[in-house]
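Undergrad: The number in the working numbering is simply the position in the sequence shown, starting from 1, with 16 added. By construction, the Cβ of each residue, glycine as well, lies at the ideal position given by its N, Cα and C atoms.
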Amino acid sequence: MLLTTVGCSAPKSETTRGDLQVPPVSADVSTIAPGYRLPAPATQPDQLPPLRDGNKVHFDLVLLDRTVQIAPGIRYRAWTFNGSVPGPVLHVKVGDTVDISLTNKALMGHSIDFHAALAPPDVAYQTVQPGKTFHFSWVAQYPGAFLYHCGTAPVLAHISNGMYGAIIIDPPGGWGDAARQFVFVQSEFYPSRYPGSATDYYGDLQKMKSGMADVVTFNGMAFQYRTNPLPIKVGEKVRAFVVDAGPSHFSAFHVVGTVFSRVFTEGNPHNELVGIQTLNVPPGGGAVAEFTVQQEGIYPIVTHSFGDADNGAMGLFRATR
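#1: On a CA-only basis, which of LEU79, GLN311 and GLU306 is nearest TYR180? Give me that one, please.
#2: What span of residues does the beta strand (DSSP E) with TYR241 cover, start to end?
#3: Going by DSSP in three states, MET224 sits in which element: helix, strand or coil?
#4: Take the Cβ of ARG337 as the centre, count every other Cβ of all protein chains shown within 10 Å, and call the residue buried at 16 or more, exposed below.
#5: Measure from the alpha carbon of GLN145 to the alpha carbon of each residue in THR119, ALA161 and VAL139, then state which is nearest.
#6: Look at the alpha carbon of ALA229 and the alpha carbon of SER176, and state the distance between them as a whole number of angstroms.
#7: Going straight from the alpha carbon of SER244 to that of LEU332, what length do you get?
#8: With 16 as the cutoff for other CB atoms within 10 Å, does ILE317 come out buried or exposed?
#9: So, with DSSP's three-state summary, where would you put ALA361?
#10: Go to LEU77, then tell me how far its beta strand (DSSP E) extends in each direction, as first and last residue.
#11: With a threshold of 6 Å on Cβ separation, who are the neighbours of VAL232 within its own chain once the five nearest residues in sequence on each side are excluded?
#12: Taking all protein chains shown into account, do 16 or more other C-beta atoms lie within 10 angstroms of the C-beta of GLN222, making it buried, or fewer, making it exposed?
#13: Could you check which residue in PHE162, ILE86 and VAL290 has the C-alpha nearest to that of LYS109?
#14: Excluding the 5 residues flanking LEU134 on each side, which residues of the same chain have their C-beta closer than 8 Å to its C-beta?
#15: Would the beta-carbon of PHE307 fall within 7 Å of that of SER277?
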């Protein structure tokens with residue numbers, strides 16, 4: 017059941033979008049929301065986790081209702097994999113058997129759809145009811161940067177409310193030269209304020225249908241890499257795995273001050289492009305981009321759809337020697 021949207025006005029120091037107040041971002045997060053701390057790295061998975069040993073890899077995924085931060089001072093009542101938005105980054109290699117245990121500790125039925133899997137949805141992507149656990153396995157056959165998400169209807173609501181994550185599948189022999197590796201999952205949010213709450217928001221289905229997002233993020237938190245730039249080194253290759261969870265907006269992923277030396281469309285090395293300025297990643301798609309900076313400095317990370325960048329999908333790399 018949808019709750020009624022409650023309108024309000026905002027002080028001039030805040031950005032107002034409909035009934036949503038988005039506090040301005042400064043270099044000191046404590047000035048935005050006293051006492052606020054960015055979530056722990058485990059819940060903002062910008063680093064690619066290491067591969068696990070063996071050729072059969074097991075993942076336990078738990079479906080949980082959680083309140084998460086999507087912007088400083090804005091708490092969103094989300095549906096999650098393992099309690100975070102996005103869900104955990106899964107990392108396997110071509111040829112691995114991916115074994116999944118999906119346990120539902122939430123209040124409604126959910127499922128999981130792996131874009132990388134070759135499996136009949138009515139068998140592998142069953143809706144798991146509260147209190148139940150479902151097991152299934154599939155073999156990783158294609159390398160790439162892939163999305164996983166809840167596939168239970170309405171899919172628009174389940175993705176918008178936080179049920180998505182990235183699975184990175186390494187090609188045979190790996191990705192080549194060593195690099196500093198980051199994962200970026202872009203997504204948008206459509207919040208309305210809970211009546212009587214100053215900070216809590218829920219996902220508004222009518223806003224979702226309109227496609228007019230209030231907050232757009234990399235890895236679930238607006239502007240987080242602007243207040244906490246990601247460290248890179250001059251002359252060191254950087255490899256970015258980009259997945260667009262949507263549910264509706266394309267990602268025009270771009271790093272200001274450099275050119276991507278190599279891009280693998282969908283993250284597959286067979287789909288190689290050279291000298292690319294901006295990625296074009298559709299909702300439900302992915303890409304891998306490599307670059308190397310030549311000088312120390314600050315290199316902005318944006319989606320070049322600047323309405324979305326202004327709503328939170330921007331950050332910074334800080335390059336040092």
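TA: Result, derived from the coordinates:
#1: LEU79
#2: Element bounds for TYR241: not the beta strand (DSSP E) but the alpha helix (DSSP H), 240-243.
#3: helix
#4: exposed
#5: THR119
#6: 10 Å
#7: In the sequence on display, residue 244 carries Asn and not Ser. Their backbone Cα atoms lie some 8 Å apart in a straight line.
#8: buried
#9: Only positions 17 to 337 of the chain appear in the structure, and residue 361 is not among them; the question remains open.
#10: 72-87
#11: GLU204, ASP324, ASN327, GLY328 and ALA329
#12: exposed
#13: PHE162
#14: TRP154, VAL155 and GLN157
#15: yes
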